[in-house]
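Numbering (the numbering used here), first residue to last: 672 to 950. Written below as structure tokens is the structure these notes are about.
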Ligand SMILES: C[S@@+](CC[C@H](N)C(=O)[O-])C[C@H]1O[C@@H](n2cnc3c(N)ncnc32)[C@H](O)[C@@H]1O
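Next up, the structure:
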């Protein structure tokens, strides 16, 4: 499939980096070999990098979210089937349809149907949130959109083209330590350390990614640094995070928070970008 316009994120994703790209792009390393993104989310950074370097080789995108990774794999391998199924969801969209689709166990569906379900729910649920209950079932209520844009076929085809020859895996972030080679570029965008103990930015940050994970991530960062990789990491600008990455270049960027439980609290917050190389 020919790559026409550059791909960009097609999902709503908590912590998505689209609006920070103009600040992040000048910080990408000038030279590197392979690319690894262990918290890929909506892929804003990968898609931009791919637009800047169409010849990028040896790309590995991973995330612990199985539905997300299946969605990318299905688009890479059978975009037209996903698009056809999304067109059906769009036709049938209603409150009843939303809750019927939400109730379907995704592992009973084939990969394309599972991806179409995921995209449909992402675009019609409340705020594009991803939250599952204790049995792993997606439980976000329907959003109040009058006429939600469920998909754009052109955008999905561009994403599919950008995902050709890309390795996609469900994995925890530390797996990258073994797989990245000297001179590879690794970008980490983990669930953020909260600005205050009550700042509950997304459901996945709450219990699932606490201080022990942030410490483990800093160990992985240092291991990759020792290996000779170029490592870039985003996180919130907090004393805890700044201390974890002491000794590395820590650059402040300003971000507008897009998803917050209290919309009155939306505003600009500082984030840190940690580099182990000179940009
Ligand atoms: C801040 S988001 C990344 C956003 C992404 N940069 C974008 O532009 O959309 C963090 C991601 O980390 C994933 N995640 C959470 N815990 C993880 C873990 N232990 N290992 C790998 N991925 C994890 C979440 O599923 C989520 O997609």
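Glycine residues also receive a C-beta, built at the ideal position from the N, C-alpha and C atoms.
Top-ranked residue by Cα proximity to residue 809, from 832, 796 and 787 = 796
Test item: CB-CB of residue 698 and residue 926 under 7 Å = no
Under three-state DSSP, which class holds residue 838?
-> strand
By DSSP, does residue 795 sit in helix, in strand, or in coil?
-> helix
Rounded distance between the beta-carbons of residue 742 and residue 786, thought under 8 Å = 4 Å
Does DSSP put residue 764 in a helix, a strand or coil?
-> coil
So residue 884 is in the alpha helix (DSSP H); what residue range does that whole segment cover?
-> 882-898
Helix, strand or coil for residue 769 per DSSP?
-> helix
Figure out for me which residue from 812, 882, 880 and 860 has the closest Cα to the Cα of residue 945.
-> 860
Nearest candidate by alpha-carbon position, reference residue 1005, set 763, 907 and 710 = The chain is shown from 672 up to 950; residue 1005 falls before or after that span and cannot be answered.
Neighbour-count burial assignment, residue 835, 16 or more Cβ in a 10 Å radius = exposed
C-alpha distance - residue 812 paired with residue 762, whole-angstrom precision = 20 Å
Residue 643 versus residue 903: straight-line alpha-carbon distance, rounded = Beyond the ends of the chain as shown, which are 672 and 950, falls residue 643; an answer cannot be given.
Count the other C-beta atoms from every protein chain shown that fall within 10 angstroms of the C-beta of residue 917, then say buried if there are 16 or more, exposed otherwise.
-> exposed
Taking only heavy atoms of ligand 1 into account, decide whether any of them is closer than 6 Å to the Cβ of residue 683.
-> no
Secondary structure of residue 678, DSSP reduced to three states | coil
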